[in-house]
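Notes to accompany the following structure.
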Amino acid sequence: MRNPDWKLVGLLAGALSALPACKEKAASAGEEAPADVRTPVTVTEVAIGPLQTFVELNATSAYLQSNYIKATANGYIKQVGVKLGQRVAPGQTAFVIKTKEAEALGNTINRLDPSLHFTGLIPIRVTTAGFVQELNHQPGDYVQDGEQLAVLADGNSFGFVLNVPYEWRAFVAVGASLDVTLPDGRRLPGRVSRLLPSVDSVAQTQQVLLQVKTPTLLPQNLVGRVRLVKEQKNGVVSLPKGAVLADEAQAHFWVMKILDSATAVKVPVIRGLETADRVEIVRPLFKPGDKIVLTGNYGLPDTAKVLIQKSDQ
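The opening residue of the sequence shown carries number 1 in the working numbering; numbering runs sequentially from there.
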């Protein structure tokens, strides 16, 4: 019987003894803790303050009342004392008329007694302040008694006409204060003076007249913007719209609240007033300083590991 090859036996024994060690290393490598995966997010804080919903409508400037300068006798216009667009004051002479009879009589009287200085001129004066909107005659024109010579826009009647849908009529009560924002950014304080008792049959809008205070002359047909406040609350707990998530049916809403520097949890909420960029949170009652995930919140689980980053806003 041949003697065993002791060298070969030793090699096999060494290889077999090394196998458990390799398995242990492989097992320990597979049992290593998974990497700490965190979702980068930005956060916002709960705000407490006033919140309002509103709509904006166009308003057109207009002189709501016009006055007419009329001839007081038949004759020729000798002088025009106003210009188109000019601002006039009560008592200012706008036209001077002279009749043919006055001219003939005046020549006779002046020949008999030159000291009388009879002219026969009839001044026509402005009775109310305003702006000359329309000039209908010029020097040399023959006019008849009662004929329209010019149109004055009553300066005290300047305002804006606002077409309000009838269902919003409750937001424009007589006496309510409404500011008018002009295209150049200026804001004019206004007040609802009256509502016209008619509604457009097609648009179903009602005309509302706004009186405004303006230090400078504004043209007619200037379009401004008027904000109608539909609802307003004070001391409202609110969040930016992006912080509030919803399901596909828009039936359930929630936010991701920061618990600590690395954890966010899902908190169901009940919404209230909503504006273009903020949402009132009715329940639960958050406290000032509570941090809520603003971006990166979509698709997070009920409890999520997060990495808080600085907001670019």
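Glycine residues also receive a C-beta, built at the ideal position from the N, C-alpha and C atoms. Because the structure is a prediction, the values reported are computed rather than measured.
Consult DSSP for Lys98 and reduce its assignment to one of helix, strand or coil. Indexing the sequence shown from 1 puts residue 98 at position 98. If DSSP states are grouped into helix, strand and coil, Lys98 belongs with the strands.
Please name the residue, chosen from Thr303, Ile308, Thr275 and Ile292, that lies closest to Pro318 on a Cα-to-Cα basis. In the structure as shown, the chain starts at 1 and stops at 313, and residue 318 therefore has no counterpart that could be examined.
Excluding the 5 residues flanking Ala150 on each side, which residues of the same chain have their C-beta closer than 7 angstroms to its C-beta? Sequence index remark: in the sequence shown, residue 150 carries index 150 (1-based). So the qualifying residues of the chain are Ile69, Val82, Ala94, Val132, Glu134, Leu135 and Asn136.
In terms of DSSP beta bridges, what is Glu134 paired with? As a working mapping, residue 134 is identified with position 134 in the sequence shown. In DSSP, Glu134 forms a bridge with Val151.
Among Val174, Thr205 and Tyr76, nearest to Arg194 - alpha-carbon criterion: The residue you call residue 194 lines up with position 194 of the sequence shown. Checked all of Val174, Thr205 and Tyr76; the closest Cα to Arg194 is Val174.
Straight-line Cα distance separating Ala243 from Ala264: Within the sequence shown, residue 264 is the residue found at index 264, counting from 1. Within the sequence shown, residue 243 is the residue found at index 243, counting from 1. Looking at the two C-alpha atoms, the distance is approximately 13 angstroms.
Boundaries (first-last residue) of the beta strand (DSSP E) holding Tyr68: To locate residue 68, count along the sequence shown from 1; it is residue 68. For Tyr68, the enclosing beta strand (DSSP E) has its first and last residue at Ser66 to Lys70.
Please report the distance separating the alpha-carbon of Gly75 from that of Leu228. Numbered from its first residue, the sequence shown carries residue 75 at position 75. Numbered from its first residue, the sequence shown carries residue 228 at position 228. The alpha-carbon atoms of Gly75 and Leu228 are separated by roughly 54 angstroms.
Completely contained beta strand (DSSP E) runs for the stretch 150-185, where each covers 3 or more residues: 158-165 and 177-181
Given that a residue counts as buried once 16 or more other Cβ atoms are within 10 Å of its Cβ, and exposed if not, what is Pro213? Sequence index remark: in the sequence shown, residue 213 carries index 213 (1-based). Here the sequence assigns Lys to residue 213, which means Pro is not the residue at that position. Under this definition Lys213 is an exposed residue.
Consult DSSP for Lys230 and reduce its assignment to one of helix, strand or coil. Taking the sequence shown and counting its residues from 1, the one referred to as residue 230 is at position 230. Three-state DSSP puts Lys230 in a strand.
For Gln309, which residues in the same chain have their Cβ closer than 6 angstroms to its Cβ, ignoring the five residues on either side in sequence? Taking the sequence shown and counting its residues from 1, one reaches residue 309 at position 309. Once the five neighbours on either side are set aside, the close Cβ partners of Gln309 are Pro40 and Thr42.
Less than 8 angstroms between the C-beta atoms of Thr53 and Glu231, yes or no? Here residue 53 refers to the residue found at position 53 when the sequence shown is read from its first residue. Here residue 231 refers to the residue found at position 231 when the sequence shown is read from its first residue. Yes, Cβ-Cβ distance for Thr53 and Glu231 is below 8 angstroms.
Work out the CA separation of Arg271 and Leu307 for me, nearest whole Å. As a working mapping, residue 307 is identified with position 307 in the sequence shown. As a working mapping, residue 271 is identified with position 271 in the sequence shown. Rounded to the nearest angstrom, the two C-alpha atoms are 27 angstroms apart.
In whole angstroms, what separates the C-alpha of Tyr298 from that of Leu182? If you number the sequence shown from 1, residue 298 lands on position 298. If you number the sequence shown from 1, residue 182 lands on position 182. Each residue's Cα considered, the two are about 40 angstroms apart.
Could you check where the beta strand (DSSP E) with Gln52 kicks off and where it finishes? Taking the first residue of the sequence shown as 1, we reach residue 52 at position 52. Residues Ala47 to Tyr63.
Chain-order list of residues whose beta-carbon lies under 8 angstroms from that of Glu280 (same chain, five-residue window excluded): Within the sequence shown, numbered from 1, the residue matching residue 280 stands at position 280. Closer than 8 angstroms at the Cβ level, and outside the excluded window around Glu280, lie Leu51, Lys233, Val236, Val237, Ser238, Arg271, Gly272, Leu273 and Glu274.
Using DSSP with H/G/I as helix, E/B as strand and the rest coil, what is Gly296? Within the sequence shown, numbered from 1, the residue matching residue 296 stands at position 296. Gly296 falls in the coil class under three-state DSSP.
According to DSSP, is Gly75 helix, strand or coil? Locating residue 75 in the sequence shown gives position 75, counting from the first residue. For Gly75, the three-state secondary structure derived from DSSP is strand.
For Trp254, which residues in the same chain have their Cβ closer than 7 angstroms to its Cβ, ignoring the five residues on either side in sequence? Residue numbering aside, residue 254 sits at position 254 when the sequence shown is read from its first letter. Only Leu245, Lys266, Val267, Pro268 and Val269 meet the Cβ criterion.
Check for me: the beta strand (DSSP E) holding Glu274 runs from which residue to which? Working through the sequence shown from its first residue, we reach residue 274 at position 274. Counting along the chain, the beta strand (DSSP E) containing Glu274 begins and ends at Thr263 to Glu274.
Could you check if Lys257 is buried or exposed, using at least 16 other CB atoms within 10 Å of its CB as the buried criterion? Residue 257 sits at position 257 when you count from the first residue of the sequence shown. Buried, by the Cβ-count rule.
Helix, strand or coil at Ala246 according to DSSP, with G and I counted as helix: If you number the sequence shown from 1, residue 246 lands on position 246. Here Ala246 sits in strand by DSSP.
Just confirm the distance between the C-beta atoms of Pro189 and Ser198, as a whole number of angstroms; I'd bet it's less than 8 angstroms. The count along the sequence shown starts at 1 and reaches residue 189 at position 189. The count along the sequence shown starts at 1 and reaches residue 198 at position 198. In fact, because the Cβ distance is near 27 angstroms, the residues do not count as touching under 8 angstroms.
Residue environment, Leu217, which counts as buried when at least 16 other CB atoms sit within 10 Å: Here residue 217 refers to the residue found at position 217 of the sequence shown. So Leu217 ends up on the exposed side.
DSSP state of Lys257 mapped onto helix, strand, coil: In the sequence shown, counting from the first residue as 1, residue 257 sits at position 257. Lys257: strand per DSSP, three-state reduction.
Look at the Cβ atom of Arg278, then the Cβ atom of Lys305, and state whether they are nearer than 8 angstroms. Along the sequence shown, read from residue 1 onward, the residue named residue 278 stands at position 278. Along the sequence shown, read from residue 1 onward, the residue named residue 305 stands at position 305. Their beta carbons are not under 8 angstroms apart, which means Arg278 does not touch Lys305 by this criterion.
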